[in-house]
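S.K.: Pasting a structure here, questions to come.
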Amino acid sequence: MRIANPSQVSCAQWVLAVALIGCAVLGIYAQSLGFDFIDLDDGVYVTQNPRVQAGLTADSLRWAFQTLHGGFWIPATWLSFMADQSLFGGDAWGFHLTNLFLHGANSFLVLWVFFLFTRNFRPSLVAALLFAVHPLHVESVAWVSERKDVLYAFFFLIAMGAHGKYFQTGKKFWAGVILGAGTLSLAAKPMAVSLPAVLLLLDFWPLGRFKQEGWRPVWEKTPLIGLCLVFGLLTLYAQNLYQGIQGLEQFPLGARLGNAVYSYGVYVWKSLWPVGLGVFYPHPGLNIEAAKAVAAGLFFAVTCSLAWRARQKAPWFTVGWWLFIITLLPVMGLVQSGIQGMADRFMYLPVLGLIMVVVWAGAWLWERKPLWEKPMTGMACASIILLSGLSVVQAGYWKNSISLYTHTLDVTENNYMVHEFLGSSLAARGYNKEAVREYEKALAINPFHGDALYGLGCVAVNQGRFEEGAGRFKAALAVQPSHIEALYGLATAQMHLGRVKEAQLNLEKVLSKNPGHAAAQKNLHLLVAREYGRRTD
Numbered sequence: 029m030r031i032a033n034p035s036q037v038s039c040a041q042w043v044l045a046v047a048l049i050g051c052a053v054l055g056i057y058a059q060s061l062g063f064d065f066i067d068l069d070d071g072v073y074v075t076q077n078p079r080v081q082a083g084l085t086a087d088s089l090r091w092a093f094q095t096l097h098g099g100f101w102i103p104a105t106w107l108s109f110m111a112d113q114s115l116f117g118g119d120a121w122g123f124h125l126t127n128l129f130l131h132g133a134n135s136f137l138v139l140w141v142f143f144l145f146t147r148n149f150r151p152s153l154v155a156a157l158l159f160a161v162h163p164l165h166v167e168s169v170a171w172v173s174e175r176k177d178v179l180y181a182f183f184f185l186i187a188m189g190a191h192g193k194y195f196q197t198g199k200k201f202w203a204g205v206i207l208g209a210g211t212l213s214l215a216a217k218p219m220a221v222s223l224p225a226v227l228l229l230l231d232f233w234p235l236g237r238f239k240q241e242g243w244r245p246v247w248e249k250t251p252l253i254g255l256c257l258v259f260g261l262l263t264l265y266a267q268n269l270y271q272g273i274q275g276l277e278q279f280p281l282g283a284r285l286g287n288a289v290y291s292y293g294v295y296v297w298k299s300l301w302p303v304g305l306g307v308f309y310p311h312p313g314l315n316i317e318a319a320k321a322v323a324a325g326l327f328f329a330v331t332c333s334l335a336w337r338a339r340q341k342a343p344w345f346t347v348g349w350w351l352f353i354i355t356l357l358p359v360m361g362l363v364q365s366g367i368q369g370m371a372d373r374f375m376y377l378p379v380l381g382l383i384m385v386v387v388w389a390g391a392w393l394w395e396r397k398p399l400w401e402k403p404m405t406g407m408a409c410a411s412i413i414l415l416s417g418l419s420v421v422q423a424g425y426w427k428n429s430i431s432l433y434t435h436t437l438d439v440t441e442n443n444y445m446v447h448e449f450l451g452s453s454l455a456a457r458g459y460n461k462e463a464v465r466e467y468e469k470a471l472a473i474n475p476f477h478g479d480a481l482y483g484l485g486c487v488a489v490n491q492g493r494f495e496e497g498a499g500r501f502k503a504a505l506a507v508q509p510s511h512i513e514a515l516y517g518l519a520t521a522q523m524h525l526g527r528v529k530e531a532q533l534n535l536e537k538v539l540s541k542n543p544g545h546a547a548a549q550k551n552l553h554l555l556v557a558r559e560y561g562r563r564t565d
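Here you go:
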């Protein structure tokens, strides 16, 4: 591919590029400044997290570096939330504003990184605009909890750019920036463990270092590889501690491998035709249709083979495809965390690989067919406009929890988790009848869904039907013995029913599993005080 002289790109072109990216991001996500927090995870990370609610204090700073809360060690993300709390006072718009700003910055960094490596401005700008407006990014930008995505990508892209500067200048300063930015990226989201592999891909193309330097590009990344291994092991420990890692009895190895290969195909399809996007996709287990599984497997095998064969004549295809594969690998479920089959947010950075393939394929054709310049420019503009429109609509579903869950149920099937999510959101807003219907729909799909049984118990207790509530909580514990909140709910129902000894025993069990459970501590003290009062009367 022809390499343009950097001096050919004027200051005016850079200003125009930044303005285009800024307008694209604002045009889609300015609406998010009026959005609420989402019930799913935003409580864990922000609204019900006392450390974050305290803002930037000495205690919260220590906590951010010591905690594995949520199953991750992500101090950079915690600090960013605390900074928002201190700056904006806990209002949702402030958290959304930071996500919007980071996505805009990431889109500009894509332009900088691609131009730095290829010295080809126009394809770099097209890639940056596609990154800015792609609907698969809506979940990461419009969902406050996914600060992890936009923040880790910010430092990841800085590390990529610093790698290019290090190659150009040889200055150790840039090597330090790579390690520092890589560390911050990992401290925002462990998905950044793919960084060393991505840098090696860039060493292959466009830098072409392996032909000149042999194995040196690998050895120089040894510190970064070691750092990623440490973060990877820490994440596995944290996920296991918070019971996020799923066992082989629930998701056998065959189901994991099958879903991984199938998901790669679906991610490619969603990247090309990003409609029907939702907040949660249930893991299919071994229930993937045979025809779809075979088609996905063939597509994966053929594409990987073509990418390998193209490494000399079309290295941009090889690098782009493997960037997509490698950056997604940590979340493909080979080590299954959670019960989702896939997630749009996982594509925040990996989609960059597919964008590279499409855009540089266009640039490659353009060089060989100059007469195609106008049609291809028109196609690029039309694609950006179409994707922008789809993103505006998709972002609108994120205005609140109920609209988000309702939309997800419209575009997915047998989604018992989202029925339960919707039921919980409705119950929290006092729509008990509607909540019960959603819980029952969830149980009709999965009779062993403990959270739906727990939700029915909460509705019963809130309406004064304590015996029914106790029964629901017992049913939830029968299918999910580790459900602490169901155990606490059972203790609460037993307190109202006058079963003091049973309630006290269950509260003690809650505190043995979660010593920081404030409500259980309060009720246990209340029971002990009552019992003491009776004995002294």
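The working numbering applies: residue 29 is where the sequence shown begins, and numbers increase by one.
Cβ atoms here follow ideal geometry from the backbone N, Cα and C, with glycine treated the same way.
Rounded to a whole number of angstroms, what is the C-alpha to C-alpha distance between Leu-555 and Tyr-516?
M.R.: Counting from one through the sequence shown, the residue named residue 555 turns up at place 527. Counting from one through the sequence shown, the residue named residue 516 turns up at place 488. The straight-line gap from Cα to Cα measures roughly 14 angstroms.
S.K.: Exposed or buried, which one is Ser-35 when buried takes at least 16 other CB atoms within 10 Å?
M.R.: Taking the first residue of the sequence shown as 1, we reach residue 35 at position 7. The pLDDT assigned to Ser-35 is 47, lower than 50, so where the model puts this residue is not dependable, and the model offers no usable value.
S.K.: Counting Cβ pairs closer than 8 angstroms, one from the stretch 319-332 and one from the stretch 456-469, do we hit at least three?
M.R.: Short answer: they don't touch.
S.K.: Between the alpha carbons of Ile-66 and Gly-198, how many angstroms are there, rounded?
M.R.: Here residue 66 refers to the residue found at position 38 of the sequence shown. Here residue 198 refers to the residue found at position 170 of the sequence shown. Straight-line Cα distance between these residues: approximately 46 angstroms.
S.K.: Using the Cβ count rule (16 or more neighbours within 10 Å means buried), how would you classify Leu-137?
M.R.: Here residue 137 refers to the residue found at position 109 of the sequence shown. The residue is buried, with at least 16 neighbouring Cβ atoms inside 10 Å.
S.K.: Measure from the alpha carbon of Gly-313 to the alpha carbon of each residue in Gln-274, Leu-300 and Val-226, then state which is nearest.
M.R.: Reading the sequence shown from its first residue, position 285 is the one you call residue 313. Ranking the options by Cα distance to Gly-313, first place goes to Gln-274.
S.K.: Keeping to the same chain, check which residues put their C-beta closer than 8 angstroms to that of Glu-536; ignore five residues upstream and five downstream.
M.R.: Looking up residue 536 in the sequence shown gives position 508. Correct list, in chain order: Leu-552.
S.K.: Pull up the distance between the alpha-carbon of Val-359 and that of Ala-225, whole angstroms please.
M.R.: Counting from one through the sequence shown, the residue named residue 359 turns up at place 331. Counting from one through the sequence shown, the residue named residue 225 turns up at place 197. Each residue's alpha carbon lies about 15 angstroms from the other.
S.K.: Does Met-375 come out as helix, strand or coil in the three-state DSSP assignment?
M.R.: Here residue 375 refers to the residue found at position 347 when the sequence shown is read from its first residue. Met-375 falls in the helix class under three-state DSSP.
S.K.: Starting from the C-beta of Leu-351, find all residues in its chain whose C-beta is less than 8 angstroms away, skip the five residues before and the five after it, and write them out in chain order.
M.R.: Along the sequence shown, one-based indexing puts residue 351 at 323. Val-226, Leu-229, Pro-378, Leu-380, Gly-381 and Met-384, listed in sequence order.
S.K.: In the structure shown, what three-state DSSP assignment does Lys-309 receive?
M.R.: Here residue 309 is taken as the residue at index 281 of the sequence shown, counted from 1. Checking the sequence shown, residue 309 turns out to be Tyr, not Lys. Three-state result, Tyr-309: strand.
S.K.: Going by DSSP, what residue range makes up the beta strand (DSSP E) through Gly-369?
M.R.: On the sequence shown, position 341 is the one that residue 369 refers to. Element bounds for Gly-369: 368-370.
S.K.: Looking at C-alpha atoms only, which residue of Asn-443, Lys-298, Ala-456 and Pro-343 is the closest neighbour of Arg-373?
M.R.: If you number the sequence shown from 1, residue 373 lands on position 345. Considering only alpha carbons, the answer is Lys-298.
S.K.: Run through DSSP, which three-state label would Ile-31 get?
M.R.: Position 3 of the sequence shown, counted from the start, is the residue given in the question as residue 31. With a pLDDT of only 37 at Ile-31, under 50, the local geometry of the prediction cannot be trusted, and the value read off the model is given with reservation. Coil at Ile-31, not helix or strand.
S.K.: Rounding to the nearest angstrom, what Cα-Cα distance links Asn-33 and Trp-336 in this structure?
M.R.: Here residue 33 corresponds to residue number 5 of the sequence shown, with the count starting at 1. Here residue 336 corresponds to residue number 308 of the sequence shown, with the count starting at 1. Because Asn-33 sits at a pLDDT of 44, beneath the cut-off of 50, its placement in the model cannot be relied upon, and the following sentence gives the value as read from the coordinates. Their backbone Cα atoms lie some 30 angstroms apart in a straight line.
S.K.: Count the other CB atoms within 10 Å of the CB of Ala-47; is the residue buried (16 or more) or exposed (fewer)?
M.R.: Here residue 47 is taken as the residue at index 19 of the sequence shown, counted from 1. It is exposed - the Cβ of Ala-47 has fewer than 16 other Cβ atoms within 10 Å.
S.K.: Rounded C-beta distance between Val-154 and Met-188? I'm assuming under 8 angstroms.
M.R.: On the sequence shown, position 126 is the one that residue 154 refers to. On the sequence shown, position 160 is the one that residue 188 refers to. No, Val-154 and Met-188 are not in contact; Cβ-Cβ is about 18 angstroms, not under 8 angstroms.
S.K.: Use the C-beta contact count for Val-387: other C-beta atoms within 10 angstroms, 16 or more gives buried, fewer gives exposed.
M.R.: As a first step, residue 387 must be located in the sequence shown, where it is residue number 359. Flag for Val-387 reads buried.
S.K.: Report all residues from its chain with a CB closer than 8 angstroms to the CB of Arg-30; omit the five preceding and five following residues, and keep chain order.
M.R.: Locating residue 30 in the sequence shown gives position 2, counting from the first residue. A caution first: Arg-30 carries a pLDDT of 38, below 50, which makes its placement in the model unreliable, though a value can still be read off. Once the five neighbours on either side are set aside, the close Cβ partners of Arg-30 are Asn-148 and Glu-395.
S.K.: Ser-452 to Gly-242, Cα distance in whole Å?
M.R.: Taking the sequence shown and counting its residues from 1, the one referred to as residue 452 is at position 424. Taking the sequence shown and counting its residues from 1, the one referred to as residue 242 is at position 214. Those two C-alpha atoms are separated by around 57 angstroms.
S.K.: Please report how far the alpha carbon of Phe-201 lies from the alpha carbon of Tyr-194, in whole angstroms.
M.R.: Residue numbering aside, residue 201 sits at position 173 when the sequence shown is read from its first letter. Residue numbering aside, residue 194 sits at position 166 when the sequence shown is read from its first letter. Rounded to the nearest angstrom, the two C-alpha atoms are 8 angstroms apart.
S.K.: In angstroms with no decimal places, state the Cα-to-Cα distance between Val-172 and Leu-61.
M.R.: To locate residue 172, count along the sequence shown from 1; it is residue 144. To locate residue 61, count along the sequence shown from 1; it is residue 33. Computed Cα separation, rounded: 11 angstroms.
S.K.: Could you name the residues of the same chain whose beta carbon sits closer than 6 angstroms to that of Leu-262, not counting the 5 residues immediately before and after it, in chain order?
M.R.: Counting from 1 along the sequence shown, the entry for residue 262 is found at position 234. These residues qualify, in order along the chain: Trp-101.
S.K.: So Ile-316 is in the alpha helix (DSSP H); what residue range does that whole segment cover?
M.R.: As a first step, residue 316 is located in the sequence shown; it is residue number 288 there, counting from the start. Run containing Ile-316: none; DSSP gives neither H nor E here.
S.K.: Following the continuous alpha helix (DSSP H) through Leu-399, name the residue where it begins and the one where it ends.
M.R.: Translated into positions along the sequence shown, residue 399 becomes position 371. Run containing Leu-399: none; DSSP gives neither H nor E here.
S.K.: Whose CA, out of Val-169, Lys-249 and Leu-89, lies closest to the CA of Gly-122?
M.R.: Locating residue 122 in the sequence shown gives position 94, counting from the first residue. Nearest of Val-169, Lys-249 and Leu-89 to Gly-122, Cα basis: Val-169.
S.K.: Going by the beta-carbon positions, is the gap between Leu-252 and Leu-207 smaller than 8 angstroms?
M.R.: Numbered from its first residue, the sequence shown carries residue 252 at position 224. Numbered from its first residue, the sequence shown carries residue 207 at position 179. Contact: yes.
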